[in-house]
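Mapped onto my numbering, the consecutive letters of the sequence shown carry residue numbers 299 to 1274.
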Amino acid sequence: MNETAMTGVPVGGTARDPIRGSGDVSGDLEGNRPALAGTHGPYCVVFPPAPDEAAPGPGPVALVGRHTERELVAGLVDALPHRGGALLLSGEPGIGKSMVLRHAAARCQGAQVLRACGVESEAVLPYAVLADVLLPLRRHFGELPSAQRRAVEGCLALTDVAEPNLYAVCAGALGVLSAAGEAWPLLVLIDDLHWADPSSRQVLQFVARRLATERVALIMATRSGQAADGIRESVPHAVLGPLTDDECWTLLRRQSLDRADPAAGRIVRLAHGNPLVLVEYAAALARNRAAGAEPWDDSWEAPGPLVDRAWSGQLRLLPPRSREALVYVAAGQTPQWPLLQQALASGGLTTADLDAAEAAGLVRMRDGACELRHPVLRPVVLGQCATVRRLEVYRRLAAVSTGELQTWYLAAAAPGPDESVAARLVSDARQARQRGALAAAAPAWHRAAELSPDPADAARRLFEAAHDAFYGGTTRDAAGWCDQALSHSRDPLLTADIELLRGQACTWLGDPGRAHQLLVGAARAVESVDRARASRLYGAAVVPATMDGQMRDACHIAARCEELADGTHGERRRHAAVMRARAQALGGDVGEARTALRALLEETRGLPGPEERQATMEIAQGLSWTGDGDLARRVLDTVIEAMRRDNCPALLPYALLARCEVEMWSRWPMARADAVEALRWAAEFGHLAMTGYALVQLARLDALRGDFTGCRERVAQYERWCGSRLRGLALFARGALGTSALAAGDPEAARAHLEAAFAMADEMGLVNPSLMPWVADLAEACLRTGGREGAVAVADWLRERDTATGLAWPAAAHARCRVMLARSAEEAADWLAVAECVHARKEMPFEAARTRLAAGEVLRRFRRPSAAREPLLLAQRTFTAIGAVPWAVRAEAEVAATGHRTAVHGNEPPPVALLTPQELQVARAIGEGLSNVEAAASLFLSRKTIEAHLTRVYRKLGVRSRSDLARCLAHAGVTG
């Protein structure tokens, strides 16, 4: 495959039939040959393959082993004309990741191939790798929505845009690749991902998750354990392990060594399956023997670490001036030839001094830059250089560089604190922040702190580093840098701000217990100095206290938060009042909480800014706990729509799960769609707490629908992710398992799970029954296992909660319990009538059907089959309609037992139940009037993905137009 010739016509492309904005599902898309861009920069090549190019045959480039990796690559590349995907390769240096990428490029026929490579020296430059990927495709920028185009061009410094929105950049990058793939299938290969700048990694992670419906394949390679944790969790991941002994011998045979050679056996043992080390040891042995060494001479086997042994012998053979020149290449990390010439000249060297290194295969020229043959050489070369000499080389490289790169060379050259360099890093960090590249700003702030002579400056800069890391998505760095900042800070007000950020980071990292303690301790420490800051800290402690299952503590600290905020105005007073009202709702003081939350909602309506939006979201969730589900849903719809419109998804997991809580009572498909999307975003952000909450919500939905295996798997996944760190969620997991066991006909297991969940709630101080929808299941499990007294106790608790809160759910659940406990048919009928009146107050179709099923079972037990038939038939129809399979089967059996022989028709599951969660989200967006482009921007997907989902939606729902779709969704209660 010729990587320099921009010629050749791709073959094998296929046309696709996307759904266009008009709603016409026919139509045809022609695949036009792209107008290929020229090579951009030294690391990126876009080219079409020659149609007559042969597949790679045996030889020095062919892979040895790697059968699993070859199959993964083949599956991805061969499907490229029809669909896309992503793959991450990882492994130790020299394990063969780059060879797998070369194999992928060689296999790819009928597609463009675009290559980019992370470079360590450019890891501090925001969006450097992204620029290498997107600039050759710049002709497609015009196909983006205007906001995304501005963001993409701003992050690439093509236009002057202040603080481009990161998620607009992500969506724009996906749009550019999608458009390129639509023109012709595209394979993107990213090598050395661990050296890509953080901003580019975030965008690549975003894109990698969303390529299934595009004609774009993305294969990335990274070192094990370095800078790609988020991507590892997002895409299929293959870890390249060591070669087997047989594969090692196959590789050595290509180096003219065989099993009879004792030295060859030694190489296999030393290499531990690393192909690079195998090849380099074999080459060192061959040179040793060519020089006339005796057979027992083992000088080719240098002492030290494994990689050092492979290279140090060659380095020692170089002339002194070549070794000196090689340090510039290693320190410069693939410097451009003119820059390298200037740097070498400043040290009395020339590029000719690198000839010996090039002849030895240690360096090579590629695309106008001089680079080491393999990245593992860099630490070897620098490790053999004295510290004073290495710092001098960095200074010389800085002298011939400019901009941010010069700043980072100066930072590397600083032997100790240096305020002038720290100030430059601060300036670069601020510029990166203005560009929206928080992931690039954070390390600049951190290095500035390391070079700060004044501890106060170091503390402030570490705080800024942690702030940008937190909001840039690297929460773990934020928590660690907060710890460092606290060790330097002597200012009580700065210390309070650091503690606030550290507590928030600990909360989202899934350690709410520690976050609760830290925030309360910091609030007490600063209370005498700054009451407003103390109020903010107490308020921030409410959420982790709740997650940790400390409801009583949450109420106490929320009250203290409001007390300290007394006399303040604006956002701080509102924040304190919201926290107080939410704590009251959880603690059972529903009436007072509802009044306060409604008043606060009126205050925040229409206020701009992310803080007000977050407050509105928290108010809405609190309203859902006080029985105002319809109002809460409307408010959350508005908040979620605004987050999507403004490309600000940071709080989307929280908002989606709050809406899921509301929809769980009546609209299971929408609840599931919200929970699945929330899980995806939470995992992408590394928010362990929201990940756990999404999993337990999905587990309950699985239990209600009768997917018992799915429920168990969700809970097991939650336990693997969260362990015992999120005690506040443990009762939800137990509740889901209990409901699942009851539906599966195992009341003993159900009782064990639900009694444990009830005990947890009591220990935590959670007395709001809206968050305990499984309590009536506990009463039924007790009755079915001979525990009538336990069922009576549950009924009494529900009656007390009904009286105290006035909520519809405990009143309906209490009535159901009394139906099950009835001593006569008349008593059961009376309590059924009470339950029907309560259900008229709030839409809870599943709960109403459960009550009717219980009443029918009791009436039939008292030999009233005629009276039992009507509630049983209603229950069966409802269960069938909402997809509660095990309950529908149970109701059908009861109906048959009454002597009713006519099959129940109608009320089959609505067609929307056939849609996947993401298909339902797309259908909802289109049904609410958004165009394909608007829906793509709203859901952070590409237009092609929207079109692919919409094709399936039309087919599954049997509709032919957008108006048909809107009517179908409105009829199903999804919209309108």
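Yeah, the Cβ is synthetic: ideal placement off N, Cα and C, and Gly gets one too.
None of these values were measured; they are calculated from a predicted model.
For residue i versus residue j, is the C-beta distance shorter than 9 angstroms?
i        : j        : result
Leu-1151 : Arg-1188 : yes
Met-397  : Arg-364  : yes
Gln-912  : Leu-955  : no
Phe-896  : Leu-921  : The amino acid at residue 896 is misidentified as Phe; the sequence shows Arg. Contact flag set, yes.
Val-888  : Asn-1066 : yes
Ala-830  : Ala-839  : no
Asp-489  : Arg-405  : no
Val-679  : Ala-628  : yes
Glu-1190 : Gln-1216 : no
Glu-890  : Ala-874  : no
Ala-1126 : Phe-1160 : yes
Leu-1105 : Gly-925  : yes
Thr-520  : Leu-387  : yes
Leu-624  : Ala-655  : yes
Leu-749  : Asp-716  : yes
Ala-1179 : Pro-1209 : no
Ala-953  : Met-941  : yes
Val-1136 : Ala-1110 : yes
His-817  : Leu-798  : Note on residue identity: the sequence assigns Leu, not His, to residue 817. A contact, by the Cβ cut-off of 9 angstroms.
Ala-469  : Ser-1022 : no
Ala-1093 : His-1112 : yes
What residues match up with residue i in a beta bridge as DSSP calls it?
i       : result
Gly-389 : Arg-521
Cys-415 : Asp-489
Leu-668 : Leu is not the amino acid found at residue 668; the sequence shown has Cys there. Met-663, per the DSSP bridge assignment.
Ala-384 : Leu-516
Gln-848 : Paired residue(s): none; Gln-848 is not in a bridge.
Gln-446 : DSSP output for Gln-446 lists no bridge partner at all.
Gln-634 : Ala-667
Leu-484 : Gln-410 and Val-514
Got a sec, what are the start and stop residues for the alpha helix (DSSP H) residue i sits in?
i        : result
Leu-736  : 736 to 748
Arg-942  : 927 to 943
Glu-717  : 717 to 732
Asn-572  : Counting along the chain, Asn-572 falls outside any alpha helix (DSSP H), and DSSP gives it neither H nor E.
Gln-682  : Here Gln-682 belongs to no alpha helix (DSSP H), and DSSP marks it neither H nor E.
Val-1132 : 1123 to 1137
Trp-1185 : 1183 to 1195
Ser-785  : 773 to 786
Phe-1160 : Taken as a continuous stretch (DSSP letters only), Phe-1160 belongs to no alpha helix (DSSP H), as it is neither H nor E.
On a CA-only basis, which of the options is nearest residue i? Give me that one, please.
i        : options                                : result
Arg-436  : Met-845, Val-450 and Ala-684           : Val-450
Asp-543  : Cys-804, Gly-571, Arg-551 and Tyr-707  : Gly-571
Gln-802  : Glu-480, Ala-813 and Leu-792           : Ala-813
Leu-454  : Ile-565, Ala-429, Ala-588 and Ser-699  : Ala-429
Arg-676  : Met-663, Ala-720, Gln-704 and Leu-613  : Leu-613
Asp-935  : Leu-784, Val-698, Val-1272 and Gly-383 : Val-1272
Leu-472  : Glu-461, Glu-1245 and Leu-442          : Leu-442
Ile-393  : Ala-980, Pro-434, Ala-536 and Leu-784  : Ala-536
Thr-772  : Asp-781, Ala-1041, Leu-736 and Ala-992 : Leu-736
Ala-992  : Ala-976, Leu-999 and Gly-1004          : Ala-976
Gly-885  : Arg-722, Leu-1267 and Ser-1068         : Ser-1068
Met-1242 : Ala-584, Thr-700 and Ala-477           : Met is not the amino acid found at residue 1242; the sequence shown has Lys there. Closest option to Lys-1242, Cα to Cα, is Ala-477.
Leu-718  : Val-505, Ala-727, Ala-746 and Pro-1045 : According to the sequence shown, residue 718 is Ser rather than Leu. That would be Ala-746, whose Cα lies nearest to the Cα of Ser-718.
Terminal residues of the continuous beta strand (DSSP E) containing residue i?
i       : result
His-535 : 535 to 537
Our contact map puts residue i next to residue j with C-beta atoms below 8 angstroms; I'd like the distance itself, whole angstroms only.
i        : j        : result
Leu-516  : Ala-402  : In fact, because the Cβ distance is near 11 angstroms, the residues do not count as touching under 8 angstroms.
Tyr-465  : Asn-945  : 4 angstroms
Gly-1033 : Ala-1050 : The pair is not a contact, with the Cβ atoms about 12 angstroms apart (cut-off 8 angstroms).
Ala-973  : Met-845  : At roughly 17 angstroms, the Cβ-Cβ gap does not stay under 8 angstroms, so Ala-973 and Met-845 are not in contact.
Ser-498  : Val-427  : 4 angstroms
Val-1013 : Ala-997  : 5 angstroms
Leu-899  : Arg-872  : At roughly 11 angstroms, the Cβ-Cβ gap does not stay under 8 angstroms, so Leu-899 and Arg-872 are not in contact.
Leu-616  : Ala-667  : With 8 angstroms as the limit, Leu-616 and Ala-667 do not qualify as a contact, their Cβ atoms being about 20 angstroms apart.
Pro-810  : Leu-1024 : 6 angstroms
Gly-1004 : Val-1183 : 4 angstroms
Hey, is residue i's beta-carbon within less than 9 angstroms of any beta-carbon in chain B?
i       : result
Ala-742 : As a matter of chain content, chain B is missing from the structure shown, which is built from one protein chain.
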